[in-house]
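To keep things clear, I will list the structure first and then write my remarks on it.
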Amino acid sequence: MKKGIFKILFIVVSIFILIGCIYCYVNTTSVSKKSQPVIVEIKEGSSVREVGELLRKKGLIRSDKFFLLYSKLHKISDLKAGTYKLNKKDKLKKIVTILQDGSNVIKKEVTITFNEGKTMRVIAKTIGKNTVNKEEDVFNLLSDREYINSLINEYWFLDSTILNENIYYPLEGYLAPDTYNFEANATVKDIFKKMLDQTDKILTEEKANIEKSNFSIHELITLASMVESEGVTLEDRKKIAGVFINRLNNKMSLGSDVTTYYASKIELGDRDLYKSEINSSNPYNTRSASNAGKLPIGPICNPSKGAIDAVINYTKNNYLYFVADKNMKVYFNENDAGHNKTIRELKSSGLWYEY
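Each residue of the sequence shown is one higher than the last, beginning at 0 in numbering that gives the first Met the number 0.
Here is the structure:
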């Protein structure tokens, strides 16, 4: 009789121990297998109980009651105040360690510099690296037609042109390069809004001149993005803009390598172009004969205010060709013979850029 009772007690106790082990295991493992950054602010003077409740609400732990139990068992009471970038893929132990030693503390604001002449792909990487957002969040938002239409309704310089199915990224060219301060938990929409607001300021200053030009805003930004990538100084950029306009007027292909790189989704400097890429009929590729007399279908980077000014106030000239040496000095010519002569001289003097 006693043996039977002990056996039952043993089984009951074993079951409770097993349930306890499973409970502990489940509550100490990560909430998600995928990386999901979350911004959490631990206020000064917060108790362990309050921290646990906050972590549960943020979806970083499964149970605030278990967090309190875990803290008592491990004698944890020194959780540091601050704003943290935590991750749902982290186990409980790692989260507690971070809060104990104060690592991963971030400022309430983040400062991000978006450099001039960078593509949307680079912008997405920059956002993914410096905020709680991921690169794919940027591209997912750019593919949200309802969102893009809302921006077209909000900003005077955006129109349905950017919805062309052949355009890679609708907002390419319209996100003003600058240094910005954002809230630590800023969304991609928040980031885009601040950049578009800055573009609004830049273009509004030039609105009268834009309306006098022979280009639509989209064409102007597209040309500015090419000028941004082809020249360095304001003087060179004004001349380069003049060359492109001359070629357009003469129904010539613009022959700009930077557009071919963009068409092939290759960042400048990564590698040289393949012949198949140079000859592709992609609507961005201005080296293609099929695109003679045409601008790329859209901007190939996000140009600076200086590049936009260079297009609006371009230098009228008779040049049809230009080429830069490896020191970024630009040489201009009126005909093909002079252009080829310049290239031969640059090669012979070791100034020709090679990968």
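Virtual Cβ for every residue (Gly too), placed ideally from N, Cα, C.
Euclidean distance between Cα positions of residue i and residue j
i    : j    : result
A175 : M194 : 5 Å
N312 : I201 : 15 Å
S263 : I161 : 19 Å
K159 : I94  : In the sequence as presented, Lys is not what sits at residue 159; that position holds Ser. Rounded to the nearest angstrom, the two C-alpha atoms are 46 Å apart.
E205 : G268 : 32 Å
N326 : L345 : 11 Å
Q35  : Y179 : 24 Å
L253 : V137 : 31 Å
Y167 : N245 : 27 Å
F191 : T221 : 19 Å
E210 : E218 : 12 Å
K73  : K92  : Per the sequence presented here, residue 73 reads as His, with Lys not at that position. Rounded to whole angstroms, H73 to K92 spans 10 Å at the Cα level.
G101 : V37  : 16 Å
S62  : S76  : 18 Å
N213 : N248 : 11 Å
V109 : K128 : 11 Å
L170 : L272 : 25 Å
N316 : R270 : 33 Å
Y320 : N163 : 30 Å
E357 : E134 : Only positions 0 to 354 of the chain appear in this structure, which leaves residue 357 out of reach.
L68  : F181 : 37 Å
N339 : E145 : 49 Å
I60  : L54  : 6 Å
L233 : L294 : 21 Å
Y318 : G337 : 11 Å
E229 : T314 : 15 Å
L140 : K56  : 26 Å
G44  : T28  : 27 Å
V119 : K64  : This sequence places Met at residue 119; Val is not what is there. Those two C-alpha atoms are separated by around 44 Å.
V50  : S70  : 11 Å
N165 : K33  : 32 Å
V257 : N284 : 9 Å
R343 : A123 : 39 Å
Beta carbon of residue i nearer than 8 Å to that of residue j
i    : j    : result
K84  : V131 : yes
T82  : A185 : no
T341 : N334 : no
T96  : I111 : no
M251 : G292 : yes
V329 : D235 : yes
A223 : P302 : yes
Given residue i as reference, the closest of the options once Cα atoms are compared
i    : options                : result
I265 : E135, A80, V226, K117  : K117
K87  : R55, L78, V30          : V30
N290 : S255, F66, I299, T203  : S255
S275 : R286, G268, D269, L267 : R286
I355 : R48, N326, T259        : Shown here, the chain extends from 0 to 354; a query on residue 355 therefore has no answer.
K90  : R144, I75, F66         : F66
A323 : L78, E108, T28, V231   : V231
E153 : L233, L272, Y179, D196 : D196
K188 : T221, I60, S228, D143  : D143
N114 : K304, N316, K328, Y320 : K304
I299 : A288, D271, Y261       : Y261
G58  : V39, G44, L68, R48     : V39
L78  : N139, Y320, L157, R48  : R48
T203 : G337, F156, E227, S215 : F156
L216 : G337, E135, N339, G172 : Inspection of the sequence shows that residue 216 is occupied by Ile rather than by Leu. The shortest Cα separation from I216 among G337, E135, N339, G172 belongs to G172.
S46  : I147, N165, A80        : A80
I151 : N165, M119, D199       : D199
L98  : I41, T314, T28         : I41
Cutoff 8 Å: residue i Cβ touching any chain D Cβ
i   : result
V37 : Absent here is chain D; the protein component of the structure consists of one chain.
* **Stretch pair the region 270–287 + the region 340–350: three plus CB contacts closer than 8 Å** => Two segments are said to touch when three or more pairs of C-beta atoms, one from each, lie closer than 8 Å; by this definition the region 270–287 does not touch the region 340–350.
* **Length-filtered (3 minimum) beta strand (DSSP E) runs lying within the region 154–202** => Segments of the beta strand (DSSP E) lying fully in the region 154–202: 177–182.
* Asked: Between the region 237–248 and the region 300–316, do three or more beta carbon pairs fall short of 8 Å?
  -> yes
* List in chain order: all unbroken beta strand (DSSP E) runs of 3+ residues lying wholly within the region 307–349. => Correct list: 320–323, 329–332.
* Could you pull out every unbroken beta strand (DSSP E) segment of at least 3 residues lying fully inside the region 33–106, listed in chain order? => DSSP runs (the beta strand (DSSP E)) wholly in the region 33–106: 36–41, 81–86.
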